[in-house]
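Asker:
Numbering (the working numbering), first residue to last: 1 to 227.
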């Protein structure tokens, strides 16, 4: 662990930590918060830095980075435990060293997401469901690929395609009036084509009490008996 060039009393402390991803079944994978050692909190106290504690986390070669909040200060010394999506996005190996820098992040006003599955359209109450899953992501940056676990449909991945303010690379999503829009989900057009194919073989057989009874059309199959 170390601090940047301005020394231990810098207002923007930086640490080098060994990164480990959460276990596969850990629900903390579906959020943007990490576990840090107690000494990081002690540094904040000494520097009189108040919450929220938000960070840039990046590879030591600076080729890839993202942002995160902190859930607990209970990790072993010189270690950080991170969600699976951060681990994958940075292309890390377990135990690989990362650079963690304290960063003040501006509140966001708008967010646009690209769902990675058309199953997202099956969510009955998307506004409520989104409030439930996005509350675990205090920071979201452009091109982040996050994982959200929905009670109705399970795991859905999203790519952050737009954020406001547009001049920022990352926004803070807590205690702000944040509007959320969506791109057409990946695989949506293919799903429409599949449904068109199925609908060719369906017909309304009858209507009972305003309920339409749907059945398969006769396919008119023929067989060559001269084999």
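From the three backbone atoms N, C-alpha and C, an ideal C-beta is built for every residue, glycine too.
(1) Report the rounded CA-to-CA distance for residue 190 versus residue 35, giving the unit in angstroms.
(2) Using a Cβ-Cβ cutoff of less than 6 Å, which residues in the same chain neighbour residue 59 once the five nearest sequence positions on both sides are dropped?
(3) Please state whether the Cβ-Cβ distance between residue 145 and residue 19 is less than 7 Å.
(4) Could you check where the alpha helix (DSSP H) with residue 105 kicks off and where it finishes?
(5) Using the beta-carbon count (16 or more within 10 Å), is residue 160 buried or exposed?
(6) Grab the span of the alpha helix (DSSP H) containing residue 39 for me, first residue to last.
(7) Straight-line CA distance for residue 42 to residue 143?
(8) Residues in its own chain within less than 8 Å of residue 122 by CB, not counting five upstream and five downstream?
(9) Just confirm the distance between the C-beta atoms of residue 112 and residue 56, as a whole number of angstroms; I'd bet it's less than 8 Å.
(10) Starting from residue 67, follow its DSSP beta bridges and name the residues at the other end.
(11) Determine the extent of the beta strand (DSSP E) in which residue 163 is found, giving its start and end residues.
(12) Determine the DSSP secondary structure at residue 81, reduced to helix, strand or coil.
(13) Give me the DSSP bridge partner(s) of residue 26.
(14) Quick one: what does DSSP say residue 62 is sitting in, helix, strand or coil?
(15) Grab the span of the beta strand (DSSP E) containing residue 21 for me, first residue to last.
(16) Which residue or residues does DSSP assign as beta-bridge partners of residue 99?
(17) Going by DSSP, what residue range makes up the beta strand (DSSP E) through residue 170?
Answerer: Let me spell this out:
(1) 40 Å
(2) 90
(3) no
(4) Note, residue 105: premise wrong, no alpha helix (DSSP H); not H, not E.
(5) buried
(6) First-last of the alpha helix (DSSP H) with residue 39: 38 to 47.
(7) 32 Å
(8) Annotation for residue 122: 152 and 153 place their beta carbon closer than 8 Å to its own, counting only its chain and skipping 5 residues before and after.
(9) For a cut-off of 8 Å, the C-beta gap from residue 112 to residue 56 is around 22 Å, too long to register as a contact.
(10) 56
(11) 154 to 164
(12) strand
(13) The partner list for residue 26 (beta bridge, DSSP) is empty, contrary to what the question assumes.
(14) coil
(15) 14 to 21
(16) 16 and 58
(17) 170 to 172
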